[in-house]
DNA sequence: AATCCGGGGAC
DNA sequence: GTCCCAGGATT
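Numbering (full-length UniProt numbering), first residue to last: 1 to 454.
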């Protein structure tokens, strides 16, 4: 058979198959470019089943480009809570504001204009143009590369940028005249339902007869893909600080910096337990030094708290880091004679860690830039301590924080540029937390760690 | 070209 | 537990 005939077979049979087997998905019920856009951003790195409830809630809360553009960022982030890759949410809202200002609130149909939107790359631009406007543009995602690499027996590494370009050229040629909308979705649908990564369902595949990969017995070895390098391990010490006095019934949380990992998400305070020695796991830290270090990091941020007991262990896996968390239940210390003692322990723990970090960083590795641990020598300098001891905890105005939602929240202080808050259970439905902290805090408020305390 | 960004599902 | 999935931004 010729290549031309193989291509025609693919296009015709795939399209026929899709018209019968297409799934009924929320974003397929209307031809609304905004719905297409939102769904495609959500579907990046994320499964359809996961996206569906998020999509429905998101569209319910932000039904138009304008509604999204005008919403508080905190609210958009809250609607993304648990989906991951949170820069998608911030880019999506930034792009909605682009659409309002540059295009009067209407999705542009011009390729350059779509591509210029924040968070829209080659795949998403092709998906929007083809699905929303039926333009004959390729939309090459992982599904498409898997399907094409098998059907046409392409051995190129799909992790290479050049391969994606090659696939885009091929995918563009396959689009039947006037059928870009259905065909591109058919391609991805086949990858999701039939031409699956591990155990493809070749026997029910509409294009199996001319699939070069299957004929060569290569369906399980394609696509060729270099493995990602394993995530680096990090041992972290987490504080659940139980408020006392005015903060009774509340726990201490903080908001992460505006850039980097989990940008602007809320979390429990935590500290890196050991400098990441290249390649090897740090392993858990004994309770005594861990508690001293944790108290020290809280102290450096302006909080006097005493770690009481190990509440639980937890793990949180990112694509490039794996956090092993030792979670300590701590109690807030009202100003008392205990503070200097905590400070002394903290100072010793801090000095030890700083020394270890200096040794490891001078060896080779770049100094860790994570703002959530004690990276700056001098944070605990005597004058800093003295100034902290001599003044009252400053009561901040909640200007950084979304207004009405946090009316019952008491802000207590600020250290090293991070915003800290004492929150109760009712505050959590307006603040966005990564799943791991959502679980830990919910468990705490549900009383899960009560029994570990004496 | 390599690295930074989450989280979930299948087995 | 262990494996797999993988777009866009940044550098």
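Built from N, CA and C at the ideal position, the CB exists for glycine as well.
Being a predicted model, the structure only gives us computed values, none of them experimental.
At what residues does the beta strand (DSSP E) containing residue i begin and finish?
| i | result |
| --- | --- |
| residue 312 | 305-317 |
| residue 321 | 321-332 |
| residue 48 | Element bounds for residue 48: not the beta strand (DSSP E) but the alpha helix (DSSP H), 48-61. |
| residue 240 | 232-242 |
Could you work out which residue in the options is closest to residue i when comparing CA atoms only?
| i | options | result |
| --- | --- | --- |
| residue 314 | 302, 235, 250 | 235 |
| residue 43 | 183, 25, 438, 29 | 25 |
| residue 53 | 173, 32, 80 | 80 |
| residue 243 | 112, 332, 218 | 332 |
| residue 28 | 128, 65, 96, 46 | 128 |
| residue 157 | 120, 221, 138 | 221 |
| residue 217 | 202, 188, 261 | 202 |
| residue 301 | 153, 252, 164, 91 | 252 |
| residue 265 | 428, 116, 188 | 428 |
| residue 45 | 30, 36, 86 | 86 |
| residue 228 | 160, 290, 269, 50 | 160 |
| residue 73 | 90, 57, 84, 83 | 90 |
Quick one: what's got a C-beta closer than 6 Å to residue i's C-beta in the same chain, skipping five residues either side?
| i | result |
| --- | --- |
| residue 6 | 210 |
| residue 418 | 254 |
| residue 410 | Summary for residue 410: the model assigns pLDDT 42, below 50, so the residue's position carries little reliability; its value from the coordinates is reported in the next sentence. Within the same chain, residue 410 has close Cβ partners 422. |
| residue 401 | Summary for residue 401: the model assigns pLDDT 40, below 50, so the residue's position carries little reliability; its value from the coordinates is reported in the next sentence. Excluding positions up to five away in sequence, the list is empty. |
| residue 403 | A caution first: residue 403 carries a pLDDT of 36, below 50, which makes its placement in the model unreliable, though a value can still be read off. Taken in chain order, the list of residues that qualify is empty. |
| residue 372 | The pLDDT assigned to residue 372 is 33, lower than 50, so where the model puts this residue is not dependable; a value taken from the coordinates is nonetheless given after this. Cβ within range, chain order: n/a, list empty. |
| residue 205 | 194 |
| residue 425 | 445 |
Cα separation between residue i and residue j?
| i | j | result |
| --- | --- | --- |
| residue 306 | residue 124 | 49 Å |
| residue 195 | residue 312 | 41 Å |
| residue 41 | residue 316 | 23 Å |
| residue 131 | residue 185 | 7 Å |
| residue 287 | residue 240 | 15 Å |
| residue 497 | residue 328 | The chain is shown from 1 up to 454; residue 497 falls before or after that span and cannot be answered. |
| residue 436 | residue 169 | 41 Å |
| residue 245 | residue 451 | 22 Å |
| residue 390 | residue 295 | Note that residue 390 has pLDDT 23, beneath the 50 cutoff, so the model's placement of it is unreliable and no number is given. |
| residue 93 | residue 39 | 14 Å |
| residue 334 | residue 310 | 21 Å |
| residue 135 | residue 111 | 10 Å |
| residue 431 | residue 47 | 24 Å |
Tell me the DSSP bridge mates of residue i?
| i | result |
| --- | --- |
| residue 254 | 267, 420 |
| residue 272 | 236 |
Ends of the alpha helix (DSSP H) at residue i?
| i | result |
| --- | --- |
| residue 69 | 65-70 |
| residue 27 | From DSSP, residue 27 is part of no alpha helix (DSSP H); its letter is neither H nor E. |
| residue 259 | Counting along the chain, residue 259 falls outside any alpha helix (DSSP H), and DSSP gives it neither H nor E. |
| residue 182 | 180-193 |
| residue 7 | 3-21 |
| residue 103 | 87-103 |
| residue 298 | 287-300 |
| residue 114 | 111-115 |
| residue 213 | 212-215 |
| residue 163 | 161-174 |
| residue 125 | 122-127 |
Which residues in the same chain as residue i place their Cβ atom closer than 8 Å to its Cβ, once the five residues preceding and following it in sequence are excluded?
| i | result |
| --- | --- |
| residue 11 | 174, 175, 176, 183 |
| residue 102 | 108, 113 |
| residue 116 | 98 |
Grab me the residues of residue i's own chain with a C-beta within less than 7 Å of its C-beta, minus the 5 sequence neighbours each way, in chain order.
| i | result |
| --- | --- |
| residue 61 | 79 |
| residue 191 | 143, 144, 146, 147 |
| residue 34 | 64, 65, 107 |
| residue 267 | 253, 254, 256, 433, 434, 437 |
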